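Step one of this worksheet: look at the structure below.
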Amino acid sequence: MNVPFFDLKRQYNQLKGEALPLIEKVLENTAFSGGQFVAEFEENLAKYNHTKFAAAVNNGTNAIHLGLLALNIGPGDEVIVPANTFIASAWGVSYVGATPVFVDVDPNTWNIDVKAAENAITKNTKAIMGVHLYGQPCNIDDLLEICNRHKIAFLEDNAQAIGATYNGKIVGQFGAMSFTSFYPGKNLGSFGEAGAVFTNNEDYHKHIQILKNHGCSVRYHHEMIGYNMRMEGIQGAVLNLKLNYIDGWNNKRRSIVDQYKSLASSKLKFQSLEPKATAVHHLCVVTTEDKDAFLKYLDENGVGYAFHYPVPCHLQKAYAHLNYKIGDFPNSEYLASHCVSLPLFPEMTDAEIHHVCDILSKF
Ligand SMILES: Cc1ncc(COP(=O)(O)O)c(C=O)c1O
Numbered sequence: 011m012n013v014p015f016f017d018l019k020r021q022y023n024q025l026k027g028e029a030l031p032l033i034e035k036v037l038e039n040t041a042f043s044g045g046q047f048v049a050e051f052e053e054n055l056a057k058y059n060h061t062k063f064a065a066a067v068n069n070g071t072n073a074i075h076l077g078l079l080a081l082n083i084g085p086g087d088e089v090i091v092p093a094n095t096f097i098a099s100a101w102g103v104s105y106v107g108a109t110p111v112f113v114d115v116d117p118n119t120w121n122i123d124v125k126a127a128e129n130a131i132t133k134n135t136k137a138i139m140g141v142h143l144y145g146q147p148c149n150i151d152d153l154l155e156i157c158n159r160h161k162i163a164f165l166e167d168n169a170q171a172i173g174a175t176y177n178g179k180i181v182g183q184f185g186a187m188s189f190t191s192f193y194p195g196k197n198l199g200s201f202g203e204a205g206a207v208f209t210n211n212e213d214y215h216k217h218i219q220i221l222k223n224h225g226c227s228v229r230y231h232h233e234m235i236g237y238n239m240r241m242e243g244i245q246g247a248v249l250n251l252k253l254n255y256i257d258g259w260n261n262k263r264r265s266i267v268d269q270y271k272s273l274a275s276s277k278l279k280f281q282s283l284e285p286k287a288t289a290v291h292h293l294c295v296v297t298t299e300d301k302d303a304f305l306k307y308l309d310e311n312g313v314g315y316a317f318h319y320p321v322p323c324h325l326q327k328a329y330a331h332l333n334y335k336i337g338d339f340p341n342s343e344y345l346a347s348h349c350v351s352l353p354l355f356p357e358m359t360d361a362e363i364h365h366v367c368d369i370l371s372k373f
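Residue numbers (our numbering): 11 to 373.
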């Protein structure tokens, strides 16, 4: 049997009966960019995330960019970012002319190492970007305490963890701002590109809404240098529909990972969960000392896989000018060279899940 790493087509087929009439409605209303469907989604999304505001934008990378602009972070400033994350956690910092300061991750949770983050704070530090990587919350309590003590902002890159909780509360509501992505492969994925910024601060929210709309709140009256980063109407309508399903999909992801974990060979190491957290498992990443043998074994048994992420941020060519070197962040480097992501999506069949469990148990 072959189990794909991921298959977007299945969710599309399940939803198209509901989604296509909605898309037609958007088109009939010519609500192509922004408009009522996006406004409705912003309202529902803020409710879901337990934040006062959600600003819908055209992707997660731009959500971070706009958020940092609204926080007035710019040249000469530093933002602390974990070295083991998708590179977009750092892009926004670079876009505003500030410097991403990478730090290592915890060897067990694979999320930002709290002590390393605190040690990296300088007089130029404006924020720590906690990333809830692979759908597992980082150590929010400690990071918040450090940020409050140093009077810097705690930010959450929640692109991979929408619906996860910490201390019983949904993540993405703890930081001064949080950011998410609705890239199609995300737990809540659009039919294209989309993202959002969450905050309880009305000034930040208003600023972002103006920035994303060419710098205007009144058409053709440009209050500031703006951007075109609005969400498309179709994405608002589709995401509104999908929001009804996200908790069920996240539960299914949890159940699949629980089954993998309970049966997998002890040669495979899974990401540890923060004690106060629940995960939504955007990805199920394992590490193993015998990576080559494991990949060959998965190939022979028809189990798909991928790598998240094969090069840590500090060793990316794009950041060569920051002069990091191999050995700077051993935990992130270990992960990059030993990680394997297993098949995980809510539409997996029982037979597929059992096959992966069987294969994991016999490694
Ligand atoms: C952790 C993280 N941050 C930011 C992003 C950027 O989102 P997008 O691809 O929508 O620009 C992503 C997703 O791609 C991500 O996984």
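Glycine included, C-beta positions come from ideal geometry on N, C-alpha and C.
Please read all numbers here as calculations on a predicted model, not as lab measurements.
- Residue range of the beta strand (DSSP E) that includes I90: 88–92
- Item | H160 classed as buried or exposed, judged by whether at least 16 other C-beta atoms fall within 10 angstroms | exposed
- With a cut-off of 8 angstroms, do at least 3 Cβ pairs link the stretch 269–284 to the stretch 143–158? yes
- Message: Using 7 angstroms as the threshold, is the C-beta distance between A73 and V248 below it?
- Response: It is not a contact, given that the beta carbons lie outside the stated cut-off.
- In chain order, what residues of the same chain have a beta carbon less than 8 angstroms from the beta carbon of K279, not counting five sequence neighbours either side? V296, T297, T298
- Please look up how many angstroms separate the CB atoms of T190 and I172, rounded, as I've assumed it's under 8 angstroms. 6 angstroms
- Item | Enclosing beta strand (DSSP E) for K136 [first to last residue] | Segment 135–141, the beta strand (DSSP E) holding K136.
- Message: On a Cα-Cα basis, can you pick out the residue from V115, D213, P110 that is closest to G136?
- Response: According to the sequence displayed, residue 136 carries Lys and not Gly. Ranking V115, D213, P110 by Cα distance to K136 puts P110 first.
- Message: I need the straight-line Cα distance from Y255 to E212, nearest angstrom please.
- Response: Rounded to whole angstroms, Y255 to E212 spans 29 angstroms at the Cα level.
- Item | DSSP three-state assignment for A316, whether helix, strand or coil | strand
- Message: Do I90 and A127 count as a contact pair if the criterion is CB distance below 7 angstroms?
- Response: If you check the CB distance, A127 and I90 come in under 7 angstroms.
- Message: As a quick exercise: from N223, V181, M239, pick the residue whose alpha carbon is nearest that of H232.
- Response: N223
- Query: Of all the alpha helix (DSSP H) runs that stay within the bounds of the stretch 137–187, which reach a length of 4 or more residues?
  - Reply: 150–160
- Query: Using a Cβ-Cβ cut-off of 6 angstroms (strictly less than) and excluding sequence neighbours within five positions of H331, which residues of its own chain qualify?
  - Reply: Around H331: no qualifying Cβ.
- For A64 and F184, the rounded distance between their alpha carbons: 14 angstroms
- Query: Bridge partners of S375, per DSSP?
  - Reply: Coverage of the chain is limited to positions 11 through 373, which leaves residue 375 absent and any answer about it impossible.
- Message: Taking 7 angstroms as the limit between beta carbons, can you name the residues of its chain near V48, skipping five residues before and five after?
- Response: Closer than 7 angstroms at the Cβ level, and outside the excluded window around V48, lie A66, M241, G243, G246.
- Task: Report the residue from L81, E343, E88, A274 whose alpha carbon sits nearest the alpha carbon of H215.
- Result: L81
- Task: Could you say which of E34, D338, Q21, K252 lies nearest to A130 if we only look at CA atoms?
- Result: D338
- Message: Contact defined as beta carbons within less than 8 angstroms: I believe I369 pairs with N333. What is the distance between those atoms, to the nearest angstrom?
- Response: That pair is no contact at about 42 angstroms.
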